[in-house]
Amino acid sequence: MEAFLWVDIAGTTLTQEDRDVLSHSAVSGIILFSRNYASPHQLKDLTQAIRQSAPKIQITVDQEGGRVQRFREGFTELPSMQYWGERYRVNPTATKTDFSAMLHTTIQELRDCGVDRTLIPVLDIDYGHNTVIGHRAFGHTADIVSELGEFVIDTCHALQMPVTAKHFPGHGYVAQDSHTAFPVDTRSYGELAENDLKPFQRLSSKIDAMMLAHVVYSAVDPNPATFSPFWVKTVLRERLGFRGCVMTDDLSMQAASMVGDYPARVSKALAAGCDTLLICNAREGVLRVLDCAHRLLQ
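Mapping to this note's numbering: the sequence shown position 11 is 71, numbers consecutive.
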């Protein structure tokens, strides 16, 4: 079976059910959260146990900086992407020097604990009215987001770490949080192409994985981008020429529930052209999907 699912676990150690899930042939990755972390030593033990159950699994984390830093005590405190964007506008050269040093430190700390990658960079534009993106974005313009996004990508690649850009085609304009609501962006395709799409388009050839936004762009397609063949196949694959992995955001988020139960979400995301699907904070949903994984892949 082709592996397509990334999952999570509840605690700081593995249960037998966790081991069974991680060793399933449909599972290719795990995302760790703050609840899975107590110390660097504990994290090393956990990642070793994960690899004993699933030797080829990708172990990942959202270690962006600012409020999105899952591992804190024992790890270097990371400034937000917004911090780097503000500094960059004042002194680009010094900012890149310091930012590079921070990325080197972060990646080494993660590797020392057995974590393969952090899901960066955020390529959303901060329009000032989305608290979910906000400090996670490099700035208010496509140019500064593109420039610093490219710097992060090049630095990560120099250190042999793949990158995951998010949240295509842009989550920064809507005010609603897709974790808890159903965000709708009413702008035209032309407006999106002139702004939000630019960083993704400019950097598409360098990006290893592209994470989609659970946002409906109502003037373009009635489906959230995650479940939209237009956004995935026509725009991302054909127009932008993206050849990397297309990844959903967490399918347990409220905005993904509009298309049905977990098997329906998986089926529609795969049909839209997604390669890797995330289900976190919903073990029952994971188990249901694994039970019918063969059918869903047909």
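By construction, the Cβ of each residue, glycine as well, lies at the ideal position given by its N, Cα and C atoms.
Since the structure is predicted, the reported quantities are computational estimates derived from the model, not experimental observations.
What does the Cβ neighbour count give for residue i, buried or exposed, with the cut at 16 atoms within 10 Å?
i, result
"V150", "exposed"
"A161", "exposed"
"P181", "buried"
"H101", "exposed"
"D78", "buried"
"S288", "buried"
"G320", "exposed"
"K116", "exposed"
Assuming the contact rule is C-beta atoms closer than 8 Å, residue i and residue j should be a hit. Round their C-beta distance to whole Å, please.
i, j, result
"Q123", "T178", "4 Å"
"S264", "G301", "6 Å"
"K258", "F211", "Incorrect: roughly 16 Å between the Cβ atoms, too far for contact."
"D54", "H227", "Residue 54 lies beyond the residue range present for the chain, which begins at 61 and ends at 358; the question has no answer from this structure."
"Y233", "D214", "At roughly 27 Å, the Cβ-Cβ gap does not stay under 8 Å, so Y233 and D214 are not in contact."
"L208", "W144", "6 Å"
"V276", "G333", "That belief does not hold up - the Cβ atoms of V276 and G333 are roughly 17 Å apart, past 8 Å."
"T308", "T286", "5 Å"
Counting only the same chain and skipping the five closest in sequence on each side, list residues whose C-beta sits under 7 Å from that of residue i.
i, result
"G304", "I267, D268, A269, M270"
"N255", "I185, A202"
As a quick exercise: from the options, pick the residue whose alpha carbon is nearest that of residue i.
i, options, result
"S85", "G320, F64, S99", "F64"
"E137", "H231, L170, K293, G71", "L170"
"I193", "P222, Q314, G125, L163", "G125"
"G71", "I204, H354, N341", "N341"
"L82", "R95, L347, H354", "L347"
"D172", "K104, L338, G230", "K104"
Helix, strand or coil: which one does DSSP assign to residue i?
i, result
"F159", "helix"
"H200", "coil"
"V121", "strand"
"P289", "helix"
"I91", "strand"
"Y233", "coil"
"P284", "strand"
"M221", "coil"
"T336", "strand"
Residues in its own chain within less than 6 Å of residue i by CB, not counting five upstream and five downstream?
i, result
"E251", "none"
"Q236", "P243"
"F198", "M141, G145, I204, V205, L208"
"H195", "G126, S140, Q142"
For residue i, collect the residues of the same chain with a Cβ closer than 8 Å to its Cβ; drop the 5 residues on either side in sequence, then sort them by chain order.
i, result
"M318", "F242, P284"
"C216", "L163, I167, I180, P222, V223"
"Q118", "W66, S88, G89, I90, D176, R177"
Kindly indicate if chain D contains any beta-carbon less than 8 Å away from that of residue i.
i, result
"C340", "Absent here is chain D; the protein component of the structure consists of one chain."
Is residue i near the ligand MN, going by C-beta to nearest heavy atom under 7 Å?
i, result
"S312", "This structure lacks the ligand MN, and indeed carries no ligand of any kind."
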